[in-house]
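Novice:
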Amino acid sequence: MSEYVLQMKDITKRFPGVLALDKVSFNLKPGDVHCLVGENGAGKSTLMKILAGAQPMDSGEILLSGEPIQIHSPHHAQTLGISMIYQEFNLSPYLSVAENIFLGREPRMGKTPFINWSKMYADAREILGRIRVDIDVRKPINECSVAQQQMVEIAKALSFQSKVIIMDEPSATLTEHELRALFDLIRDLRASGIGLIYISHRLEEVFEIGDRCTVMRDGQYIDTKPVGELTRESIIHMMVGRELKDEFPKEVFARGNELLRVEGLTREGAFEDVNFAVHTGEIVGLTGLVGAGRTEVARAIFGADRFDRGQIHLNGRPVTVRSPQDAIRQGVGLLTEDRKNQGLVLGMSVRENTTLANLKELVRGLFISRGRERSVTQHYVDDLQIKTPGVEQVAQNLSGGNQQKVVLAKWLFTKSRVLIFDEPTRGIDVGAKVEIYKLMNELVRQGVCVLMISSELPEVLGMCDRILVMHEGRLAGELSRSEATQERIMRLATGEAQANVN
Amino acid sequence: MSATVGAGHSARAFGRTYGLLTLALVIECVVFELIARRQGVRSFLSPNSLMLILNHSAVYGVMSVGMTFVIISGGIDLSVGSLVAFGGVISAIIVRAGGGEPAWLWIALGWLGALAAGAVAGGLAGTVITVFEIPPFIATLALMSSLRGLGYIIAKGQPISDLPSAYTALGRDRILNVVPISVLVFVAVLLLGGVLLNHTRFGRHVRAIGGNEESARLSGVNVRAVKWWVYCMSSVLAVVGGVILSSKLGSGSPKLGLGDELGVIAAVVVGGTSLSGGRGTIGGTFIGLLIVSALSSGLNWIGVETFGQQVILGLVILAAVLLDRFKGRSWSLAKGR
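Chains as they are written, first to last, in the numbering used here: chain E, 1 to 502; chain Z, 1001 to 1337.
#1: Check this for me: beta carbons of Leu1289/Z and Leu1313/Z, under 8 Å apart or not?
#2: What residues in its chain sit with their C-beta under 7 Å from that of Tyr1018/Z, if we drop five residues either side in the sequence?
#3: Find out if the Cβ-Cβ distance for the pair Ser1247/Z, Ala1121/Z is shorter than 8 Å.
#4: My assumption, with CB atoms under 8 Å, is that Met239/E sits in contact with Gly43/E. Please give the rounded CB distance.
#5: Please state whether the Cβ-Cβ distance between Ser416/E and Val381/E is less than 8 Å.
#6: Quick one: which chain Z residues come within Cβ less than 7 Å of Val319/E?
#7: Can you find a C-beta in chain Z that's less than 8 Å from the C-beta of Lys245/E?
#8: Can you pull the chain Z neighbours of Gly343/E, defined as C-beta to C-beta under 7 Å?
#9: Does the pairing of the stretch 71-91 of chain E with the stretch 24-32 of chain E give three or more beta-carbon distances under 8 Å?
#10: Could you name the residues of the stretch 406-433 of chain E whose beta carbon sits closer than 9 Å to any beta carbon of chain Z, in the order they occur along the chain?
#11: Cutting at 8 Å between CB atoms, please list the residues of its own chain near Glu352/E, excluding the five before and the five after it.
#12: With a threshold of 7 Å (Cβ to nearest heavy atom), would Ala1121/Z be considered close to the ligand NAD?
#13: Using the Cα positions of Arg426/E and Glu337/E, report the straight-line distance between them to the nearest angstrom.
#14: Do we get a CB-CB distance below 8 Å when we pair Lys29/E with the residues of chain Z?
#15: For Gln1310/Z, list the residues DSSP reports as bridge partners.
#16: Using a Cβ-Cβ cut-off of less than 9 Å, list which residues of the stretch 449-483 of chain E approach chain Z; keep chain order.
#17: Output the distance between the C-alpha atoms of Ser349/E and Val1089/Z, rounded to the nearest integer angstrom.
#18: Arg370/E: buried (16+ other C-beta within 10 angstroms of its C-beta) or exposed?
#19: Work out the CA separation of Gly195/E and Val97/E for me, nearest whole Å.
#20: Tell me whether Glu143/E is buried or exposed, calling it buried when 16 or more other Cβ atoms sit within 10 Å of its Cβ.
#21: If contacts are defined as beta-carbon pairs under 8 Å, then Leu1141/Z and Leu1191/Z qualify, I think. What distance do you get, rounded to the angstrom?
#22: In chain order, which alpha helix (DSSP H) runs of at least 4 residues are fully inside the stretch 276-341 of chain E?
#23: Three-state secondary structure (DSSP) at Gly1194/Z?
#24: Give me the DSSP bridge partner(s) of Lys415/E.
#25: Which same chain residues end up closer than 8 Å to Met48/E when comparing Cβ atoms and leaving out the 5 residues on each side of it in sequence?
#26: Within 10 Å of its beta-carbon, does Asp134/E have 16 or more other beta-carbons around it, so buried, or fewer, so exposed?
#27: Assuming the contact rule is C-beta atoms closer than 8 Å, Gly401/E and Ala432/E should be a hit. Round their C-beta distance to whole Å, please.
#28: Quick one, which of Gly1066/Z, Pro1047/Z, Val1131/Z and Ile1129/Z has its alpha-carbon nearest Val1189/Z's?
#29: When the Cα of Arg481/E is compared with those of Arg125/E, Leu260/E, Leu286/E and Val321/E, which residue comes out closest?
#30: Exposed or buried, what is Thr1068/Z when buried is set at 16 or more other beta-carbons lying within 10 Å of its beta-carbon?
#31: At the level of alpha carbons, what is the spacing between Leu468/E and Gly477/E?
#32: Counting only Cβ-Cβ distances shorter than 9 Å, please list the residues of the stretch 344-355 of chain E near chain Z, keeping chain order.
#33: Examine chain Z for any beta-carbon lying closer than 8 Å to the beta-carbon of Met1/E, and answer yes or no.
#34: Can you give me the Cβ contacts of Lys163/E inside the same chain, cut-off strictly under 6 Å, excluding the 5 residues immediately before and after it?
#35: Could you tell me whether any Cβ in chain E is nearer than 8 Å to the Cβ of Ala1188/Z?
#36: Is any beta-carbon of chain E found at less than 8 Å from that of Ala1208/Z?
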């Protein structure tokens, strides 16, 4: 019997343009709660998806109880004894608890195709009893609470006789009380010799429940240590420890008038009492962990989603923004995180995408002036150096960086004075990133103010004049360019520290 | 110089958009001509029979322009067949109620009344779809059923006839004894539809919504208003079709237009408009319509029974959709994903 229940050796995974995992190794002992931490994009999810059979690896080796295994599919992984519980559960909402636990493996009446309901219910009750959960096994999943659904997922994992259970951010949607119950259950599972992999952004949980902790960064394995030998500081340092190179062509301008002010912005369950201001001449960063509410705040300012309370001021005047139309009329533009699904109409041409938000500028009488439309688009193609065979090229066929420039062109054509960039360089190669940064500088020089949401700390540190950090829907603090470091940002983002806001 | 380049460019663009469809139409007509000659019946490809096809297409043609907008916006409108009957019944009942004196006034009122009723029905569909966010399939299915029933109730189950003879002018008269008025209406609607789709903000917004509704919304497009107008327009045009048909027949019957929604959708889809939205042209719809009409005329010409015609129409629709999928696939393959 091997010392480890699971060994992953030299796992490598390449996505187009990115080395997502670079010879990562990971070992799990039976009866251990092994925490896996790292920044967004460090490769944790990719590594776990490979283990759960949701993605193939390019090279490497996986041993389960010392035996080399090949994982072909999520179902195959489960039958081998590896179960993953995703943040978004994999449950069928209108089927009962018992049906979900045994989905695809329903006990049958002998060799007939008919389901043996009494056995299925009894087995489901037995498994739920083992983890001391009291739910009616006939209850449809959509009537169960989130915590109950999570328990059903765990019961399902147990029904496969799992040796390894992976939990991806299990605490994200639980109340404090439910979290206690989850931790009790995890301790029980640990006692029964199951190996648990626990992914979380909340470092306090690592110290509470973890036995061992592995840190990943930029697709690489950094280190594994017993939790007792670690401190918050040492984990954060391992998570972010990298040097900034000169890939950020930051230019500092004098701060001018206040263009955007947000007061007490609140949407129940998403963000609360958010206050900040952005001035001409500056780039303000809005950062935090995924799910901290950054994108939600941006969409609320832009009128894409509603908010419950608070006031937005533009140019010193209170404004009502009920829809993107209102925001655009007031000079606000949003470059969404998801370019393909929210920023562009991929089947339309560069020309049609560039002018979509401001067609009325091009209408002469009843009709769109095609000639003016072409010349306007050509102007932006030249100005932003968009690499395209022509203005009639379909947006689908451009690279990520050039697609982002088309979205930018759209907002420039609306004469936006406040531009919100949500993860502006995600999925864009390094050269194009620098171009986007230079364009931001140019915009700021021309009197536009920029609010940049980003999870990439080097980018935030490299380009922003001020940095706002969110934690669980609230502004945890604000750092000036001179005082900001990756460690300080991470401390605010993980809720470890609170700084004075404004 | 630049004019020639422009002409060359637009000829290429025409070929890219309509080349395959036009080719299909030409092949279809030639095949019918060859079969007709072999059978020794009258020549299929005569100016007269072509005008017949156009005339025959007028009702579907007017309806298919509205349907093209609906489908490009990513929706569907199943109520248009019932609106044909409903429009005809409303217009006929108003004309008959007027007692015929002066005929032209009551006929005009009848048509206007029908159009207004169509606008109300379409506005209702648009409201249900945009405000209550009911899927267009369901909303227009409900409307299809209710309007059909309403037509029967208003007409008391019988065709409404005994109309003044001038009532049939729209459907039967020809300008200079050559071009039927209904064909002129059809061509006018087609041209207006093409201009609306290609040269106005409204048309651009319709295509943007069909291509990606969320992107359109985040670009400041008033998605609800645009969609509302799309359904309103489709209903009004279906009523125009119904008025033309009732004028051709000289009566308004609640039985008419049964299943027309499918024929119209077929013409639009054969014309290359993507059922998933975002892509499509009025010109394509026109050619698609001619392909479908020529098919039924041609099959009649060479003596294929109705049942056989339905089988062949089904196969043609299938072939058109397969072609569309194939085009979509090669489009994404070219991107190299």
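The beta-carbon is built from N, C-alpha and C at its ideal position, and this holds for glycine as well.
None of these values were measured; they are calculated from a predicted model.
Specialist: Straight from the coordinates:
#1: no
#2: Within the same chain, Tyr1018/Z has close Cβ partners Gly1283, Gly1284 and Ile1287.
#3: no
#4: With 8 Å as the limit, Met239/E and Gly43/E do not qualify as a contact, their Cβ atoms being about 12 Å apart.
#5: no
#6: Going along chain Z, no residue has its Cβ under 7 Å from Val319/E, so there is no contact; the nearest lies around 15 Å.
#7: With a pLDDT of 49 at Lys245/E, under the threshold of 50, the modelled position of this residue cannot be trusted; read the value that follows with caution. It does not; no Cβ of chain Z falls within 8 Å.
#8: Ser1215
#9: no
#10: Taking 9 Å as the Cβ-Cβ cut-off against chain Z, the residues of the stretch 406-433 of chain E that qualify are Lys410 and Thr414.
#11: For Glu352/E, where only same-chain residues beyond five positions count, the Cβ hits under 8 Å are Val345.
#12: By its list of ligands, the structure shown contains no ligand whatsoever, and the ligand NAD lies outside what it can speak to.
#13: Roughly 8 Å between the two C-alpha positions.
#14: no
#15: Bridge partners of Gln1310/Z according to DSSP: none are assigned.
#16: none
#17: 45 Å
#18: exposed
#19: 25 Å
#20: Result: exposed.
#21: No, Leu1141/Z and Leu1191/Z are not in contact; Cβ-Cβ is about 31 Å, not under 8 Å.
#22: 294-301 and 324-329
#23: helix
#24: BP columns for Lys415/E are empty, so no partner.
#25: Leu36, Met84, Ile166, Asp168, Ile197 and Ile199
#26: exposed
#27: 3 Å
#28: Gly1066/Z
#29: Nearest of Arg125/E, Leu260/E, Leu286/E and Val321/E to Arg481/E, Cα basis: Leu286/E.
#30: Within 10 angstroms of the beta-carbon of Thr1068/Z lie 16 or more other beta-carbons, which makes it buried.
#31: 6 Å
#32: Leu344, Val345, Leu346, Gly347, Met348, Glu352, Asn353 and Thr355
#33: Here Met1/E scores only 49 on pLDDT, less than 50, and its place in the model is too uncertain to base an answer on.
#34: Val5 and Gly81
#35: Chain E has no Cβ within less than 8 Å of the Cβ of Ala1188/Z.
#36: yes
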